[in-house]
Amino acid sequence: MIADAARVGKRPVTVERFGRRIVLFRDERGALVAARARCPHRGADLGLGRVVDGAIECPYHGFRFASDGRCVAIPCEGRGASARGVAEALALTRYEVREHRGFVWLFWGERPDELPPVPWFEGLPADERHAHTASTDWEVPFARAMEGMLDLHHAPFAHRPWVPGMGALLDPYDVRVEGDVIHAMGVLRHDDGAPWDGRRGWKFEMEVRFPGALRLSFGKLVVGVVGCAPIDAGRTAIVGRYYMPVPAIGRLLARLGLLMEFWLIQPEDERMLASSEPRDADLEACRFVRADAGILAWHKMRRARLKA
Numbered sequence: 001m002i003a004d005a006a007r008v009g010k011r012p013v014t015v016e017r018f019g020r021r022i023v024l025f026r027d028e029r030g031a032l033v034a035a036r037a038r039c040p041h042r043g044a045d046l047g048l049g050r051v052v053d054g055a056i057e058c059p060y061h062g063f064r065f066a067s068d069g070r071c072v073a074i075p076c077e078g079r080g081a082s083a084r085g086v087a088e089a090l091a092l093t094r095y096e097v098r099e100h101r102g103f104v105w106l107f108w109g110e111r112p113d114e115l116p117p118v119p120w121f122e123g124l125p126a127d128e129r130h131a132h133t134a135s136t137d138w139e140v141p142f143a144r145a146m147e148g149m150l151d152l153h154h155a156p157f158a159h160r161p162w163v164p165g166m167g168a169l170l171d172p173y174d175v176r177v178e179g180d181v182i183h184a185m186g187v188l189r190h191d192d193g194a195p196w197d198g199r200r201g202w203k204f205e206m207e208v209r210f211p212g213a214l215r216l217s218f219g220k221l222v223v224g225v226v227g228c229a230p231i232d233a234g235r236t237a238i239v240g241r242y243y244m245p246v247p248a249i250g251r252l253l254a255r256l257g258l259l260m261e262f263w264l265i266q267p268e269d270e271r272m273l274a275s276s277e278p279r280d281a282d283l284e285a286c287r288f289v290r291a292d293a294g295i296l297a298w299h300k301m302r303r304a305r306l307k308a
C-alpha cells in the first residue's frame, strides 16, 4: 500500500518509494498505471508532465508513453519515428500496480507467474461514506516506523496530553502469528493488582499484514487502516484511513479524528522514533519485553524474508 488512489486524477503524480521515483497516472479507461518517473530520453520527471489520450507526456520534450510503456510519440523526430525504430529503446520501466479499496498497491520485486491477491482486512465497511483518508511522511526508517505502529504501551507517556489518566499496564495482551499476519489484542489499564474485569481500560486490536498494512481498532467506535512503505533508507510514507460508522456525521468525525492523529499524535511518535538509537532497528538493536511481542514477531518475519 503506497498511496491514496484519490491523489491520482487527471494529472500524473510522482511518489518516491523504495529509493526510486515512481509516476502514477491513469490510462484512457481510468485504470491506474505505475512506471519509473525518469523519462528514458533525458531523465526529466514525467510526473511534471500531462496525460494525453491515456499516454503520459514528458514535460521537457513532449515524448509520449502508452500505458504499456511503449514510446508512441517523439515530436522532434516526426510522425515516422516509431516506424524507423527510434522509439524502441525508449520504453518505460513499468511496475505492477493495483487499485483496491481506494488505495494504490504496488508489487515490488521480480514478477511471479501469478501475482498474489491484494491483501485486505475482513470486517471493514464496504461503504466508505463514513471514512476519511490522509497521508504523511516520517523522517524515520521503515523498520522503526513499523515498531511505532505495533507499539501499544507507549501511549500513556508519549501522548500524555491527549490521553490523561490512561493506565500504563498492558494486560491482557495477546499476540498470534498466522502465516504473514500478526494479530494483537491488548488493554491498557491501571495496575490495581486485580485481574482484568472485561470492562475497564482502553482496548486495542490490531491486524498486521506483513510488511506494512495494518488494521487498527480503538474501542467500539474507531477503526483505522494504515499503510507504511519505505521512501528510502531513512524515510517512510504513511497513508491512513479512519472509519466512523455514525449516520450523517461519520465522515466529518473520521476527518477530525484523522486530522488530530496526523497533526498532533503522529508527530509525537515520529519525534520519539527519530530520536531512537540506532537509527534503524532489528532483533539485536533493542532489549524487548513482554509488551513488545508484536514488534518482535514483525522483526522475525522481516529477518526470515531477508534470508530467503
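All letters in the sequence shown, in the order written, are residues 1 to 308 by UniProt numbering.
Glycine is no exception: its CB is placed at the ideal position from the N, C-alpha and C atoms.
- prompt: Quick one: Cα of R11 to Cα of A184, how far?
  reply: Start at 1 with the first residue of the sequence shown, and residue 11 comes out as number 11. Start at 1 with the first residue of the sequence shown, and residue 184 comes out as number 184. Those two C-alpha atoms are separated by around 40 Å.
message: If you follow the alpha helix (DSSP H) that residue 316 is in, where does it begin and where does it stop?
response: Given that the chain is displayed from residue 1 to residue 308, the structure contains no residue 316 and the question cannot be resolved.
field: Beta-ladder partner(s) of L188, from DSSP
entry: For this step, residue 188 is matched to residue 188 along the sequence shown. According to DSSP, L188 bridges with L170, W202.
query: Cβ of K307 less than 8 Å from any chain D Cβ?
result: Reference to chain D is not applicable here, since this structure consists of a single protein chain.
R176 versus L216 - alpha carbon distance: The residue given as residue 176 occupies position 176 in the sequence shown. The residue given as residue 216 occupies position 216 in the sequence shown. Answer to the nearest angstrom: the Cα atoms are 15 Å apart.
- prompt: To the nearest angstrom, how far is it from the Cα of R64 to the Cα of F103?
  reply: Looking up residue 64 in the sequence shown gives position 64. Looking up residue 103 in the sequence shown gives position 103. For R64 and F103, the distance between alpha carbons rounds to 26 Å.
- prompt: Per DSSP, G80 is paired with what?
  reply: By one-based count along the sequence shown, residue 80 stands at place 80. Beta-bridge pairing links G80 to no other residue.
- prompt: Considering only residues of the same chain and omitting the five flanking positions on each side of G234, which have a CB-CB separation below 8 Å?
  reply: On the sequence shown, residue 234 is found 234 positions in, with the first residue counted as 1. When the five nearest sequence neighbours on each side are left out, the beta carbons in the same chain lying within less than 8 Å of the beta carbon of G234 are those of E139, V140, P141, R279, in order along the chain.
4-residue-minimum alpha helix (DSSP H) runs that sit fully inside the stretch 210 to 236, ordered along the chain: For the stretch 210 to 236, not a single whole alpha helix (DSSP H) run of length 4 or above is found.
- request: Drop a sphere of 10 angstroms on the beta-carbon of G250, count the other beta-carbons inside from all chains shown, and report buried for 16 or more, exposed for fewer.
  value: Here residue 250 refers to the residue found at position 250 of the sequence shown. By the beta-carbon neighbour count (other beta carbons within 10 angstroms, threshold 16), G250 is buried.
For V208 and L214, believed in contact at Cβ under 8 Å, the rounded distance: Translated into the one-based positions of the sequence shown, residue 214 becomes position 214. Translated into the one-based positions of the sequence shown, residue 208 becomes position 208. Yes, L214 and V208 are in contact; Cβ-Cβ is about 5 Å, under 8 Å.
message: Measuring straight from C-alpha to C-alpha, what distance separates A297 and G227?
response: Taking the sequence shown and counting its residues from 1, one reaches residue 297 at position 297. Taking the sequence shown and counting its residues from 1, one reaches residue 227 at position 227. If you take the alpha carbons of A297 and G227, they lie about 18 Å apart.
query: Which partner residues of R94 appear in the DSSP bridge assignment?
result: For the purposes of this step, residue 94 is taken as residue 94 along the sequence shown, with counting starting at 1. The partner list for R94 (beta bridge, DSSP) reads A35.
field: Candidates P230, F25, G30: closest to A143 by CA position
entry: On the sequence shown, position 143 is the one that residue 143 refers to. Cα-wise, what sits closest to A143 is P230.
field: Validate contact between the stretch 37 to 55 and the stretch 89 to 104 using beta carbons, cut 8 Å, 3 pairs
entry: yes
- prompt: Does the beta-carbon of M260 have 16 or more other beta-carbons within 10 angstroms, so that it is buried, or is it exposed?
  reply: Here residue 260 refers to the residue found at position 260 when the sequence shown is read from its first residue. M260 should be labelled exposed.
field: Segment contact flag, the stretch 177 to 197 with the stretch 257 to 273, C-beta cutoff 8 Å, min 3 pairs
entry: They do not touch, by the three-pair rule.
- request: Please name the residue in G198, L252, G219, H190 whose C-alpha comes closest to that of R129.
  value: Taking the sequence shown and counting its residues from 1, one reaches residue 129 at position 129. Checking every option, the nearest Cα to that of R129 belongs to L252.
query: Can you give the Cα-Cα distance for K203 and H61, rounded to whole angstroms?
result: In the sequence shown, the residue the question calls residue 203 occupies position 203. In the sequence shown, the residue the question calls residue 61 occupies position 61. The straight-line gap from Cα to Cα measures roughly 56 Å.
- request: Leaving aside the five residues before and after E16 along the sequence, list all residues of the same chain whose C-beta is less than 6 Å from its C-beta, in chain order.
  value: As a first step, residue 16 is located in the sequence shown; it is residue number 16 there, counting from the start. Around E16: I231.
message: Considering Cα atoms alone, identify which of A73, G47, S275, G69 is closest to Y95.
response: Numbered from 1 along the sequence shown, position 95 holds the residue referred to as residue 95. Minimum Cα distance to Y95 is reached at G69.
task: Look up R111 in the DSSP assignment and say whether it is helix, strand or coil.
output: Along the sequence shown, read from residue 1 onward, the residue named residue 111 stands at position 111. Coil.
task: Using the Cα positions of E161 and I56, report the straight-line distance between them to the nearest angstrom.
output: Counted from its first residue, the sequence shown places residue 161 at position 161. Counted from its first residue, the sequence shown places residue 56 at position 56. It is Pro, not Glu, that sits at residue 161 in the sequence shown. Approximately 48 Å between the Cα atoms of the pair.
- prompt: Exposed or buried, V239, counting other C-beta atoms within 10 Å across all chains shown (16 or more means buried)?
  reply: Within the sequence shown, numbered from 1, the residue matching residue 239 stands at position 239. The residue is buried, with at least 16 neighbouring Cβ atoms inside 10 Å.
- prompt: Going straight from the alpha carbon of residue 377 to that of A155, what length do you get?
  reply: Residue 377 falls outside the range modelled here, since the chain spans only 1 to 308, and no answer is possible.
field: Check whether W108 and F25 have beta carbons under 8 Å apart
entry: As a working note, residue 108 is residue 108 in the sequence shown. As a working note, residue 25 is residue 25 in the sequence shown. Against a cut-off of 8 Å, the Cβ pair of F25 and W108 comes out as no contact.
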